[in-house]
Amino acid sequence: MINTQLIPFYLLLITLLIVATEKINRSVVVAFTALFLIIFKFIKFESAIEAIDFNTLGLLVGMMIIVAITKTTGIFQYLALKTIKLAKVRPLRMLFFISLLTAFLSAFLDNVTTILLILPVIFFISEITKINSLPFVFSAIFFSNIGGAATLIGDPPNIIIGGYAKFDFNQFIRYNTPVVLVILFFSFFLIYLKWAKELRKNIIKISIINKLKEQGVIKDVRKTLISIFVLFIVLIGFVLHSVLHIENSIIALFGAILLLLLTKENPEEYYKEIEWPTIFFFIGLFVTIAAVEKTGVFDLVSKYLLVSTNKNPELITYLVLWLSGFLVAVFNNIPITIILSKIILSFQAQGIDVFPVWWALSLGTCLGANLTLVASSVNIIGADLYNRSLNSKNGNRISFINFVKNSFLITLTSLVISNIYLKIIFFLK
Amino acid sequence: MFSDNKYKNYKVDSFYFKNICIGKEEDSIEKILLTWQKTKKRVYVVTNEEGKAEGIITLYDILEEIVPYFLKIDKLLNFFSSNELIDKEKFKKLKTKKAKDLMTKNPVTVKINDDLMKVITLMYSYNFDYLPVLDENEKVVGIIDKEVIENKLVYLVNDTDKLD
Chain H
112 MINTQLIPFY LLLITLLIVA TEKINRSVVV AFTALFLIIF KFIKFESAIE
162 AIDFNTLGLL VGMMIIVAIT KTTGIFQYLA LKTIKLAKVR PLRMLFFISL
212 LTAFLSAFLD NVTTILLILP VIFFISEITK INSLPFVFSA IFFSNIGGAA
262 TLIGDPPNII IGGYAKFDFN QFIRYNTPVV LVILFFSFFL IYLKWAKELR
312 KNIIKISIIN KLKEQGVIKD VRKTLISIFV LFIVLIGFVL HSVLHIENSI
362 IALFGAILLL LLTKENPEEY YKEIEWPTIF FFIGLFVTIA AVEKTGVFDL
412 VSKYLLVSTN KNPELITYLV LWLSGFLVAV FNNIPITIIL SKIILSFQAQ
462 GIDVFPVWWA LSLGTCLGAN LTLVASSVNI IGADLYNRSL NSKNGNRISF
512 INFVKNSFLI TLTSLVISNI YLKIIFFLK
Chain U
22 MFSDNKYKNY KVDSFYFKNI CIGKEEDSIE KILLTWQKTK KRVYVVTNEE
72 GKAEGIITLY DILEEIVPYF LKIDKLLNFF SSNELIDKEK FKKLKTKKAK
122 DLMTKNPVTV KINDDLMKVI TLMYSYNFDY LPVLDENEKV VGIIDKEVIE
172 NKLVYLVNDT DKLD
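Just so you know, the protein sequences line up as chains H and U, in that order. Per the working numbering: the first sequence = residues 112 to 540. Per the working numbering: the second sequence = residues 22 to 185.
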């Protein structure tokens, strides 16, 4: 007999499996489940509306508009080309600089936008220098996922965690950024070990690098300066969040509207750039997971985990780190973050100090995204763009296996470093 | 000059180009380029054995094969142009390609009895520069391009008073 009370839970599992297959658009599947649960009264309409975290949605929408306008100025491409020129004729140095820039941009832009800005520049450089773009593509994918872990706005899991745990921008800088820097260092070392020999064979003519006049990508200086100014204002707003007591969503939305106002751009053009499938995906998940929460499943799981870990906060922290790291490799990182956040809130209700557990969740969900090709949209888009770039050329396509071969050690190292870091800052007495 | 009545009877039949580049899907791109060079045309209609439209190739379809990949995903990078970007392999590959590899299949067409407004509507809706023209038996008999439409528009604008 099926326990009808558990129908929302079963539906969530089925939904997550369908999302993982990517056969149907994830936003449609999740929205369908959410509406089904509301129509058949598994969750009241009022509770469903209450479950939607408008702070998270506002932050996402605000940042999407800011990035949509800023990226048309060419400023990010300018930065990438400038970085490449700094490396001059040294391919390895070029790889290092471009990887660092990817991580930096990813800490402030969403990961998919970062990869869509960086990869064309990589293909451009590869085209004019005839250098193999594969190590650059892999590095951009990995560093985009890792860099996103550094800040509140770098990756959707962090935005979700920030909302549930009430962490602000500064706390992410304080707790996540240091470990991300260490992980970036080790990850580059692993990339270096794998690709250094091949890259050293490449000779880049200085005459080609000198021909690069990166100013050419900036078509509208006024719009570029306004975009930089607004981005700066928004970042200051995030940093001063605890003093200003203004929600992050309001800061981001204010920035977006200010940018539209100052640049006098047509808003309709940029409203179209908002990733509505992602927004609907979030809304559907908030409702579906709230319905599952009412069944008491999350409390049951949290009690089981507490018993099996003997209510040891240290063990719980490591468990969440590794569990989230591997779960996001198979399922999408957004539902996994929301589900595990609910379980962490349940730990908290049972008297556990969950402060370190939140950071474990953040690191696990962001860094686990590097493990498989399907673990993050960045991986799928990056691999797809690279495979299409091969076209007439010979080269290894990025397949699922090929991806894991390159990513496994980096992901494992990232999670091990995170584990050591969590031990040092929270549990070493 | 045209009368009100003439305007209403403004049919494709009266303004399409009969002299067009037409060929088969096995034709090489090299042959198409040479044909264009001789005829000063920039469009090639591909037909089947029965003379029905199979596809259409424009200069843009060929340029797309030559431009560097990065430009297709980020047009802001068009600031840089250099002969360093000439990829010999691409030209070698282009030489081996046939019409069927680059053509837009099942092109949007118009019939000789269609009126001017249908042509304008289709060109606008699909953002196409060329529309193959078919006779009653669906055989390709010519083409309409932007230039033809441009001329007709000048004509119409100059004679707006006569449209009343």
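The beta-carbon is built from N, C-alpha and C at its ideal position, and this holds for glycine as well.
Residue i - DSSP class collapsed to helix/strand/coil
i: E75 of chain U; result: strand
i: D82 of chain U; result: helix
i: L336 of chain H; result: helix
i: I43 of chain U; result: strand
i: T483 of chain H; result: coil
i: T224 of chain H; result: helix
i: D464 of chain H; result: coil
i: L369 of chain H; result: helix
i: V129 of chain U; result: coil
i: P289 of chain H; result: helix
i: Y303 of chain H; result: helix
i: G163 of chain U; result: strand
i: P153 of chain U; result: strand
i: Y65 of chain U; result: strand
i: S500 of chain H; result: helix
i: F38 of chain U; result: strand
i: D136 of chain U; result: strand
i: K193 of chain H; result: helix
i: K52 of chain U; result: helix
i: K32 of chain U; result: strand
i: K118 of chain U; result: coil
Same chain, Cβ closer than 8 Å to residue i, five either side skipped, listed in chain order
i: L124 of chain H; result: none
i: A120 of chain U; result: G44, K45, E46, E47, D48, S49, I50, I53, Y65, V67, G76, I78
i: I135 of chain H; result: I129
i: R311 of chain H; result: P202, L203
i: L533 of chain H; result: T428, Y429, L432, P467, W470, A471, L474
i: Y147 of chain U; result: V129
Same chain, Cβ closer than 7 Å to residue i, neighbours up to 5 away in sequence not counted
i: F542 of chain H; result: Chain H is shown only over 112 to 540; residue 542 of chain H falls outside these bounds and no answer can be derived.
i: P412 of chain H; result: In the sequence as presented, Pro is not what sits at residue 412 of chain H; that position holds Val. Hits under 7 Å: I454.
i: L92 of chain U; result: L98, N99
i: V232 of chain H; result: Q188, A191, L192
i: L301 of chain H; result: L520, I521, T524
i: A179 of chain H; result: Y381, E384
i: S503 of chain H; result: Confidence at S503 of chain H is low in this model, with a pLDDT of 49, below 50, so its placement is unreliable and no value can be given for it.
i: K199 of chain H; result: I317, I320
6 Å Cβ shell around residue i - same chain, five flanking residues per side excluded
i: F537 of chain H; result: P467
i: E358 of chain H; result: N166
Test item: CB-CB of residue i and residue j under 8 Å
i: F483 of chain H; j: I447 of chain H; result: Sequence inspection shows Thr at residue 483 of chain H; the Phe mentioned does not correspond to that position. No.
i: G366 of chain H; j: V350 of chain H; result: no
i: I329 of chain H; j: T167 of chain H; result: no
i: D279 of chain H; j: S217 of chain H; result: no
i: P153 of chain U; j: V66 of chain U; result: yes
i: T262 of chain H; j: F296 of chain H; result: no
i: S500 of chain H; j: S244 of chain H; result: yes
i: A191 of chain H; j: L211 of chain H; result: no
i: I512 of chain H; j: A494 of chain H; result: no
i: L456 of chain H; j: Y275 of chain H; result: yes
i: A401 of chain H; j: S158 of chain H; result: yes
i: I264 of chain H; j: L170 of chain H; result: yes
i: V398 of chain H; j: I149 of chain H; result: yes
For residue i, the nearest candidate out of the options (CA to CA)
i: L227 of chain H; options: H:V515, H:P289, H:L211, H:I252; result: H:I252
i: K113 of chain U; options: U:F101, U:E51, U:V64; result: U:E51
i: L336 of chain H; options: H:S318, H:T374, H:G327, H:K312; result: H:T374
i: T522 of chain H; options: H:T399, H:I186, H:F299, H:E238; result: H:F299
i: I284 of chain H; options: H:L301, H:A260, H:E358; result: H:A260
i: N104 of chain U; options: H:N421, H:K152, H:T132, H:E238; result: H:E238
i: K167 of chain U; options: U:K59, U:V161, U:T142, U:N127; result: U:T142
i: A131 of chain H; options: H:V465, H:F514, H:V441, H:N507; result: H:V441
i: N69 of chain U; options: U:W57, U:E159, U:I170; result: U:E159
i: D266 of chain H; options: H:N443, H:K516, H:N507, H:N498; result: H:N443
i: K109 of chain U; options: U:L55, U:N40, U:Q58, U:P89; result: U:P89
i: Y81 of chain U; options: U:T56, U:Y151, U:K139, U:D135; result: U:Y151
i: F235 of chain H; options: U:V169, U:I107, U:V140; result: U:I107
i: V293 of chain H; options: H:E309, H:L539, H:S529; result: H:S529
Presumed contact (8 Å Cβ cut-off) between residue i and residue j, rounded CB distance
i: S435 of chain H; j: L416 of chain H; result: Between L416 of chain H and S435 of chain H the Cβ distance is about 13 Å, and since that is not below 8 Å, they are no contact.
i: L206 of chain H; j: F247 of chain H; result: 6 Å
i: L115 of chain U; j: I87 of chain U; result: 7 Å
i: F38 of chain U; j: K173 of chain U; result: 13 Å between Cβ atoms; not a contact.
i: L472 of chain H; j: V431 of chain H; result: 5 Å
i: I463 of chain H; j: K414 of chain H; result: At roughly 11 Å, the Cβ-Cβ gap does not stay under 8 Å, so I463 of chain H and K414 of chain H are not in contact.
i: V72 of chain U; j: V131 of chain U; result: Residue identity differs from the one stated: residue 72 of chain U is Gly in this sequence, not Val. The Cβ separation is near 16 Å, so there is no contact.
i: F153 of chain H; j: P119 of chain H; result: 5 Å
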